[in-house]
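>
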Amino acid sequence: MSNSKIVIPQRKKVFLILTDEGSATKSTIADLIISGYRNAGKTIAKFDGDIQHQTTFKKYGDGTDNPITGCVPFDIETDNQIILNSIGIDADAILIDLPARAVEITQNLFSDIETFYKAYEQFNCELNVVIPVVSDKSIISVNNIYNTVSSIDFEDTVRMLLIKNVGYMKFRNNLFEVNSLYEQAMKSITNKGNLVIVEHDIKTVYDSKGILEIQLKSADINTVINSKQDITTQVILGSIKNDIKQLHAKIS
6 MSNSKIVIPQ RKKVFLILTD EGSATKSTIA DLIISGYRNA GKTIAKFDGD
56 IQHQTTFKKY GDGTDNPITG CVPFDIETDN QIILNSIGID ADAILIDLPA
106 RAVEITQNLF SDIETFYKAY EQFNCELNVV IPVVSDKSII SVNNIYNTVS
156 SIDFEDTVRM LLIKNVGYMK FRNNLFEVNS LYEQAMKSIT NKGNLVIVEH
206 DIKTVYDSKG ILEIQLKSAD INTVINSKQD ITTQVILGSI KNDIKQLHAK
256 IS
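What follows is the structure, given as structure tokens:
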């Protein structure tokens, strides 16, 4: 009798970054996810549907249409099928960065929203709906998305990743206010069936002059980390490295 273990292939992870608001540090969270996979030697395909800003595309686009080595931009209102077509890509994970109002747009584009969400499990993908939490508007997004996703009867696990950007909220001086609203909302947001709620705090410190914020908007995290920086920024970048490791450990 063979003693070899039966290896069950891991489902491909799809990270769908959704929010109803702008300036939600979506690209920073996308950056942390991408860096975590790359640092672990894994492949991650990247798509940027925020045609107005294209921050993720500007950071990772390499002049090709290869989503693994680079990043593919698309317009969610005209090229929306790319969201589902990305399922067929041979990669460990897929990240799709969607624009503000993406919740409303997605639900309008796909008349049967349940079919849209369940398409991922049909192709053996684990859907991770990523929602940044940085303001009172974030709480509205969390509630809206939860109300939609929790109404669907999933056969396999689907995760809602609620990522609180604590460092950024401290920088904006709204941490106490948002935390209060978040705690109130979480009283009614719980695991339901195969829908699993995952909460995570990222704690990257932002300097008072906003220098790091500017750098993170214009270049990917690893480029910023490997650039020549003053001592203060180097200390701050240490917290980013820790955020990358901890977030990857939570979501991978």
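Here my numbering runs 5 ahead of the position in the sequence shown, where the first position is 1.
Don't be surprised by glycine CBs; every beta carbon is placed ideally from N, CA and C.
Here the structure is a predicted model, which means the values were calculated and not measured.
Between the region 28-35 and the region 90-109, do at least 3 Cβ pairs fall closer than 8 Å?
These segments touch.
> By DSSP's criteria, Ala98 is part of a beta bridge. Which residues make up the other side?
Lys18 and Ile49, per the DSSP bridge assignment.
> If you compare alpha carbons, which of Leu167, Tyr42, Ile150 and Gly172 is closest to Glu188?
For the residues Leu167, Tyr42, Ile150 and Gly172, the minimum Cα distance to Glu188 belongs to Leu167.
> Report the three-state DSSP secondary structure of Glu160 (helix, strand or coil).
In the structure shown, Glu160 sits in coil (DSSP, three-state: anything other than H, G, I, E or B).
> Are any of the Cβ atoms in chain D nearer than 8 Å to that of Leu37?
Among the protein chains of the structure shown there is no chain D, as only one such chain exists.
> Taking all protein chains shown into account, do 16 or more other C-beta atoms lie within 10 angstroms of the C-beta of Asp248, making it buried, or fewer, making it exposed?
Looking at its Cβ environment, which holds 16 or more other Cβ atoms inside 10 Å, Asp248 is buried.
> Would Ile157 and Lys123 be called neighbours here (beta carbons separated by less than 8 Å)?
Result yes, Cβ atoms of Ile157 and Lys123 sit closer than 8 Å.
> What is the rounded straight-line gap between the Cα of Asp161 and the Cα of Ile56?
One C-alpha to the other measures close to 32 Å.
> Take the Cβ of Asp25 as the centre, count every other Cβ of all protein chains shown within 10 Å, and call the residue buried at 16 or more, exposed below.
Asp25 is buried by the Cβ-count criterion.
> Entirely within the region 216-256 and at least 4 residues each: give me those alpha helix (DSSP H) ranges in chain order.
Qualifying alpha helix (DSSP H) stretches, in chain order: 216-223, 226-231 and 236-256.
> Could you name the residues of the same chain whose beta carbon sits closer than 7 Å to that of Gln220, not counting the 5 residues immediately before and after it, in chain order?
Counting only Cβ-Cβ distances below 7 Å, and skipping sequence neighbours, we find Val229.
> Report yes if the CB atom of Pro72 is closer than 8 Å to the CB atom of Phe62, and no otherwise.
In this structure, Phe62 does not lie closer than 8 Å to Pro72 by Cβ.
> Shortest alpha-carbon distance to Asn129 belongs to which of Gly243, Ala96 and Gln234?
The shortest C-alpha separation from Asn129 is found at Ala96.
> Could you tell me the boundaries of the alpha helix (DSSP H) in which Val183 lies?
Note, Val183: alpha helix (DSSP H), Leu180 to Ala190.
> Decide if Ile11 is buried, meaning its Cβ has at least 16 other Cβ atoms within 10 Å, or exposed.
Its pLDDT being 42, under 50, Ile11 is placed unreliably in this model, and the coordinates cannot settle the point.
> Taking 8 Å as the cut-off, does the region 170-181 touch the region 36-54 (at least 3 CB pairs, one atom from each stretch)?
Counting Cβ pairs under 8 Å, fewer than three are found: no touch.
> Relative to the alpha-carbon of Tyr65, which residue among Leu132, Ser146 and Cys76 has its alpha-carbon at the smallest distance?
It is Cys76.
> By DSSP, does Val139 sit in helix, in strand, or in coil?
Coil.
> What are the boundary residues of the beta strand (DSSP E) that Asp206 is part of?
Run containing Asp206: Leu200 to Ile207, per the beta strand (DSSP E) assignment.
> Is Val147 near Val139, with beta carbons less than 8 Å apart?
Cβ atoms of Val147 and Val139: not closer than 8 Å.
> If you reduce the DSSP assignment to three classes, tell me which class Leu132 lands in.
Of the three classes helix, strand and coil, the one that applies to Leu132 here is strand, per DSSP.
> In the DSSP assignment, find the unbroken alpha helix (DSSP H) run with Tyr122 in it and report its ends.
Residues Ile118 to Gln127.
> Whose CA, out of Asp206, Asp212, Val135 and Met191, lies closest to the CA of Gln251?
Measuring from the Cα of Gln251, the nearest candidate turns out to be Asp206.
> With DSSP as the reference, label Ile168 as helix, strand or coil.
Correct three-state label for Ile168: strand.
> Could you check if Val154 is buried or exposed, using at least 16 other CB atoms within 10 Å of its CB as the buried criterion?
With 16 or more Cβ atoms within 10 Å of its Cβ, Val154 is classed as buried.
> CA-CA distance, Asp141 and Gln234?
Straight-line Cα distance between these residues: approximately 33 Å.
> Is it buried or exposed for Ile256, if we count other Cβ within 10 angstroms and need 16 for buried?
Ile256 is buried by the Cβ-count criterion.
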